[in-house]
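Residue numbers (our numbering): 149 to 505.
Here a beta-carbon is modelled for each residue, glycine too, at the ideal position from N, C-alpha and C.
Here is the structure we will look at.
This is the structure we're talking about:
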């Protein structure tokens with residue numbers, strides 16, 4: 149398996165004329181929603197409804213309801229204001245969406261049923277695993293009442309808890325609740341995959357590799373993909389071992405475009421470790437907010453890619469499509485319409501690239 153040692157051109161710190169880190173705001177990579185809407189306008193005008201040709205390489209965004217996205221004139225047409233209208237509109241343009249709310253709260257069967265009803269045949273939802281499923285903390289008050297009521301007094305009094313804090317039977321109940329929540333999507337053929345995103349403190353060890361395999365087993369045949377948030381899985385020659393582990397366990401490696409040069413920076417490696425699925429997630433390249441404390445999710449990923457940066461990935465996505473049955477491309481630069489604009493641009497690039505082959 150070939151693992152590149154360096155990032156492609158253009159990946160890294162952006163610097164201003166004085167040599168300091170670019171503050172981004174007002175720059176080409178953070179021009180504001182109006183400028184992003186201008187770039188998207190012509191694409192939306194010429195955009196045709198997703199067809200079967202778009203089912204091999206699917207492009208979408210991480211969510212469709214962010215408050216900065218639903219503001220008037222940002223992405224949704226005038227009058228498209230309800231949850232149902234927004235999802236129907238979004239799914240008329242894209243073939244995929246990633247649901248990140250399932251990381252914070254366990255998904256409900258009723259929501260999944262509504263999503264099935266409101267989207268066209270063939271549309272897919274990639275679901276993010278709940279925090280407790282990937283070794284991360286969750287707020288106690290966001291857990292279902294049935295799980296809250298089963299907590300011991302010391303756990304119930306905490307603001308946040310980890311899966312390792314729970315008795316085995318209660319931890320099993322978390323997984324069962326999650327599986328029940330996504331069942332309507334699975335039954336309707338609209339469940340894409342489960343994103344197993346592991347935190348910065350999740351470093352290479354046999355115990356952690358075992359927990360990844362356990363997660364795949366608990367998902368009982370449902371497609372899943374693994375994203376690391378620690379560079380330790382790829383440093384000091386570890387990339388080969390990490391990718392071989394995923395390949396041996398038929399686990400798709402989540403390729404990323406993200407800020408480089410920090411302790412958690414995962415290099416933009418192109419590697420397909422499953423013949424069934426390849427996933428690429430675009431997080432933006434905003435270095436100064438990547439590990440900053442007190443920065444909200446929206447601002448952390450507040451970055452509008454330029455066309456050259458997206459074009460770098462076109463041949464890599466096509467390469468992935470030659471090795472996997474499906475490729476999911478997710479724009480997680482989720483401020484306002486930055487993600488939707490870049491998703492539209494990338495759809496056009498992929499269609500043009502495919503037509504030339």
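Taking residue 186 as part of the alpha helix (DSSP H), name the residues at either end of that continuous run.
181-194
How far does the beta strand (DSSP E) with residue 430 in it extend, from its first residue to its last?
That run of the beta strand (DSSP E) goes 425-430.
Please say whether residue 415 and residue 382 have beta carbons closer to each other than 9 angstroms?
Taking 9 angstroms as the Cβ cut-off, residue 382 and residue 415 qualify as a contacting pair.
Rounded to a whole number of angstroms, what is the C-alpha to C-alpha distance between residue 403 and residue 178?
24 angstroms
For residue 341, which of helix, strand or coil comes out of DSSP?
Strand.
Which class does residue 112 belong to by DSSP, given the choice of helix, strand or coil?
There is no way to answer for residue 112, as the model of the chain reaches only from 149 to 505.
Taking all protein chains shown into account, do 16 or more other C-beta atoms lie within 10 angstroms of the C-beta of residue 503, making it buried, or fewer, making it exposed?
exposed
When we look at the beta-carbon of residue 206 and count the other beta-carbons within 10 Å, is it buried (16 or more) or exposed?
Burial is judged here by how many other beta carbons sit within 10 angstroms of a residue's own beta carbon; residue 206 has at least 16 and is buried.
Contact set for residue 232: own chain, Cβ-Cβ below 7 angstroms, skip 5 residues either direction
Result list for residue 232: 266, in chain order.
Can you say whether residue 488 is buried or exposed, counting buried as having 16 or more other CB atoms within 10 angstroms of its CB?
buried
Whether residue 337 touches residue 476 by CB criterion (9 angstroms):
no
9 angstroms Cβ cutoff met for residue 271 and residue 230
Between residue 271 and residue 230, the C-beta gap is not smaller than 9 angstroms, which leaves the two residues out of contact.
Taking the alpha-carbon positions, what's the residue 319 to residue 309 distance?
Rounded to whole angstroms, residue 319 to residue 309 spans 11 angstroms at the Cα level.
Considering Cα atoms alone, identify which of 188, 498, 345 and 426 is closest to residue 460.
498
Rounding to the nearest angstrom, what Cα-Cα distance links residue 241 and residue 269 in this structure?
If you draw a straight line from the Cα of residue 241 to the Cα of residue 269, it comes to about 13 angstroms.
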